[in-house]
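Just so you know, the protein sequences line up as chains L and B, in that order. Take the first sequence: its letters are residues 4 to 325, numbered as in my numbering. Take the second sequence: its letters are residues 4 to 325, numbered as in my numbering. Glycine included, each C-beta is placed from N, C-alpha and C at the ideal position.
Number of protein chains: 2
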Amino acid sequence: MSSITVKQAAKRLLESDNAYILIHRSPDGDCIGSGYALAMALRSLGKRARVLCSDEIPSRYHFMLPETQTLEYFEPEIIISSDVADEKLFGGSLSEQYAGKVDLCIDHHISNSGYAKELCLDGKAAAACQVVYEILQEMKVAVTKEMAVCLYTGIATDTGCFMYDNTGARTLHIVAEIMEQHPDIDYARINREMFVVKSMGRMQLDKILTEQLESHLDGKCMLVCITKELMDKYGIEESELEGVSGFPLQVEGAQVSIVLKEREKGVFRVSMRSADWVNVSAICQNFGGGGHVKAAGCCIEGTAEEVKKQLVEAVRKGMQKS
Amino acid sequence: MSSITVKQAAKRLLESDNAYILIHRSPDGDCIGSGYALAMALRSLGKRARVLCSDEIPSRYHFMLPETQTLEYFEPEIIISSDVADEKLFGGSLSEQYAGKVDLCIDHHISNSGYAKELCLDGKAAAACQVVYEILQEMKVAVTKEMAVCLYTGIATDTGCFMYDNTGARTLHIVAEIMEQHPDIDYARINREMFVVKSMGRMQLDKILTEQLESHLDGKCMLVCITKELMDKYGIEESELEGVSGFPLQVEGAQVSIVLKEREKGVFRVSMRSADWVNVSAICQNFGGGGHVKAAGCCIEGTAEEVKKQLVEAVRKGMQKS
């Protein structure tokens, strides 16, 4: 693996034709946006390009897809990946098929495993879309409205609408440049769809989670325990529980949030989040887990009451150390 | 009243000393941010400046206030207002005391009533803080960390964390410039406090509102009716109901949201919001109300069931016209 600059990546792309662009399984706004923006850019230069994903693109992201897609088969000359930190994350048959075969990886995850022959990585970029934008500038590609929608959505979704600490000055300058070139895009509508709108099912789930909220350590540790019994009672599906890990952290005064999901009777998957200064990765390591300083997890066995007691005690100790 | 440019406003401020800066009653992030940033800027130039507000600054905005405040009395040489569209909005005794006496108004509301001798208005600016930033640049004031916190928070709160359609390219370039000058500010923490954190009371209220959600017109019109009975049952205070007007609009598929609040028995205050293309101001005009295209209101008398029926019927007709 060799690390290359944005300029070198642009040169490599300009010299190549017939590109396959791989994005990660469970596709999100950033891999879809960066993958399709790059594909459209390459096509605008007369090249052939196709985006490959092991999962279907969820309907909430369909507005990002180009109106016309090349369906004719072609043999790839260059295999690119975008926003994929490791080749295992292609998922399904793509992981096996393209293992060791990626020529160029465009990414922003500092944890990138270096699986590609050439890696264009900007660990300070908020999103892969930010890196792709820089590459397009270097390639002197005119950013069309369709590309702008992709790039904007990818950056907005990876930053929580510019809310998280990965939002940098360069991120905002780029978004401003996109807006200058395309003032006619309804950015507020995209934001509404991505950040405000919830299904009735999700609203009901939030209601149930609010009912289950437990306050520990004088409200500094907020906890929700989702038992099998609770899921059965309300007919909650496993898949619906994605994105609830941060739920208890929105309560005023919460420093640490814990979400317990009972995988099977007496086995709990634990998601821990920190609002600020508490290192939850260190806390989860006590239970054989780990992760990032502000977002970590582990697995514990026991009754709900036992597990809660152990976790809250570990958080209490962790707060003293942090 | 004469309209003046940012450059002229900067010149006027540089020539003046001993400034009173008036902000509006029920102070929000933008008037606090713009008022205090300007006061700090004037003080950094060796001038005296004081911010006046008829209400207390709410505790959630206390982090924006400068550590040291001038408390000595001085006679004002120039009366400035920031983010105040009309002098009635000073509130309390300030409205009477300063009616017709404001020398310079800095604002971004196109509805500004032109009450000041000189008006520096940028109707395209997302926030008064954006206009103040431009004035500070023109005055060649170094933006300190304390000023940056004020300006950032004002812009972020007035744009819903850059989510609303008032967020322009210039807005984002300015925020990026602030971040470049002050990379050490914890912007993500400010965002969390302003946009994520909720009191337990507000979480409980959201739960109750979810339970009360009614779907009309195939889910295109979502409605919540908060009767006196409901408020008594759960002990909900009138003041807690601020900011719930958009609640039903977060439901997937909703085009129009209606929130009914029973003021006294059989008298309902109606808040209507539009997600997109439906003109709710026109709908509310049928009931003697009005407002903006996407946010309007009116007052109706009757039983809850009668009022709902009339409103939903008006929305149905309004959707056909829009």
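Enclosing alpha helix (DSSP H) for residue i [first to last residue]
i, result
"residue 310 (chain L)", "307-324"
"residue 176 (chain L)", "172-184"
"residue 153 (chain L)", "148-161"
"residue 98 (chain L)", "95-100"
"residue 141 (chain L)", "131-142"
Under 9 Å between C-beta atoms of residue i and residue j
i, j, result
"residue 2 (chain B)", "residue 118 (chain B)", "Past the boundaries of the shown model lies residue 2 (chain B); chain B is included only from 4 to 325, so the question cannot be answered."
"residue 19 (chain L)", "residue 81 (chain L)", "yes"
"residue 77 (chain B)", "residue 51 (chain B)", "yes"
"residue 285 (chain L)", "residue 258 (chain L)", "no"
"residue 37 (chain L)", "residue 154 (chain L)", "yes"
"residue 146 (chain L)", "residue 185 (chain L)", "yes"
"residue 106 (chain B)", "residue 91 (chain B)", "no"
"residue 290 (chain B)", "residue 262 (chain B)", "no"
"residue 225 (chain B)", "residue 208 (chain B)", "no"
"residue 35 (chain L)", "residue 163 (chain L)", "no"
"residue 300 (chain L)", "residue 275 (chain L)", "yes"
"residue 137 (chain B)", "residue 177 (chain B)", "yes"
"residue 142 (chain B)", "residue 48 (chain B)", "yes"
"residue 167 (chain L)", "residue 191 (chain B)", "yes"
"residue 296 (chain B)", "residue 283 (chain B)", "yes"
"residue 10 (chain L)", "residue 254 (chain B)", "no"
"residue 293 (chain L)", "residue 287 (chain L)", "yes"
Sheet register partners of residue i (DSSP bridge)
i, result
"residue 122 (chain L)", "L:6, L:108"
"residue 299 (chain L)", "L:275, L:294"
"residue 270 (chain B)", "B:267, B:304"
"residue 254 (chain L)", "B:201"
"residue 283 (chain B)", "Looking at the DSSP assignment, residue 283 (chain B) forms no beta bridge with any residue, so it has no partner."
"residue 218 (chain L)", "L:225"
"residue 195 (chain L)", "For residue 195 (chain L), which the question treats as bridged, DSSP gives no partner whatsoever."
"residue 52 (chain B)", "B:22"
Whole-angstrom C-beta distance between residue j and residue i, which should lie under 8 Å
i, j, result
"residue 236 (chain B)", "residue 171 (chain B)", "Contact doesn't hold; Cβ gap of about 45 Å is too wide."
"residue 227 (chain B)", "residue 216 (chain B)", "6 Å"
"residue 83 (chain L)", "residue 22 (chain L)", "6 Å"
"residue 223 (chain B)", "residue 249 (chain B)", "That belief does not hold up - the Cβ atoms of residue 223 (chain B) and residue 249 (chain B) are roughly 16 Å apart, past 8 Å."
"residue 220 (chain L)", "residue 135 (chain L)", "So it is not a contact: roughly 44 Å between Cβ atoms."
"residue 123 (chain L)", "residue 26 (chain L)", "Wrong, their Cβ atoms sit about 15 Å apart, outside the cutoff."
"residue 210 (chain B)", "residue 70 (chain L)", "Contact flag wrong, Cβ pair sits at about 42 Å."
"residue 169 (chain B)", "residue 129 (chain B)", "4 Å"
"residue 218 (chain L)", "residue 281 (chain L)", "Residue 218 (chain L) to residue 281 (chain L), Cβ: 16 Å. No contact."
"residue 160 (chain L)", "residue 32 (chain L)", "3 Å"
"residue 62 (chain L)", "residue 94 (chain L)", "The pair is not a contact, with the Cβ atoms about 19 Å apart (cut-off 8 Å)."
"residue 64 (chain B)", "residue 54 (chain B)", "Not really, about 12 Å apart at Cβ, beyond 8 Å."
"residue 268 (chain B)", "residue 229 (chain B)", "Actually they are not in contact, since the Cβ atoms of residue 268 (chain B) and residue 229 (chain B) sit about 13 Å apart, beyond 8 Å."
"residue 44 (chain B)", "residue 144 (chain B)", "5 Å"
"residue 152 (chain L)", "residue 206 (chain L)", "The pair is not a contact, with the Cβ atoms about 27 Å apart (cut-off 8 Å)."
"residue 179 (chain L)", "residue 179 (chain B)", "7 Å"
Boundaries of the beta strand (DSSP E) in which residue i is found, first to last residue
i, result
"residue 263 (chain B)", "259-267"
"residue 228 (chain B)", "224-229"
"residue 85 (chain L)", "81-85"
"residue 46 (chain B)", "Per DSSP, residue 46 (chain B) belongs to no beta strand (DSSP E); it is in the alpha helix (DSSP H), 32-47."
"residue 24 (chain B)", "22-25"
Proximity test, residue i beta-carbon vs the ligand FMN heavy atom, cut-off 8 Å
i, result
"residue 268 (chain L)", "Absent from the structure shown: the ligand FMN. Ligands present: none."
> Taking any Cβ of chain B, which residues in the stretch 177-204 of chain L have a Cβ under 8 Å from it, in chain order?
Replying inline: 178, 179, 180, 182, 183, 186, 189, 190, 191, 192, 194, 195, 198, 199, 200, 201, 202, 203
> Any residues in the stretch 204-217 of chain B with a beta carbon nearer than 8 Å to a beta carbon of chain L? Which ones, in chain order?
Replying inline: 206, 207, 209, 210, 213, 214, 216
>> If the cut-off is 9 Å on Cβ atoms, which residues from the stretch 155-171 of chain L count as contacting chain B, listed in chain order?
In response: 159, 163, 164, 165, 166, 167, 168, 169, 170, 171
> Which residues, in order along the stretch 117-141 of chain L, keep a beta-carbon less than 8 Å from a beta-carbon of chain B?
Replying inline: none
> Between the stretch 261-281 of chain L and chain B, which residues of the former have CB atoms less than 9 Å from a CB of the latter, in chain order?
Replying inline: 278, 279
> Just by C-beta distance, which residues in the stretch 242-255 of chain L are closer than 9 Å to chain B?
Replying inline: 249, 252, 253, 254, 255
> When Cβ atoms are compared, which residues of the stretch 215-235 of chain B fall closer than 9 Å to chain L?
Replying inline: 216, 218, 222
> If contact means a Cβ-Cβ distance below 9 Å, which residues of the stretch 45-67 of chain B contact chain L?
Replying inline: none
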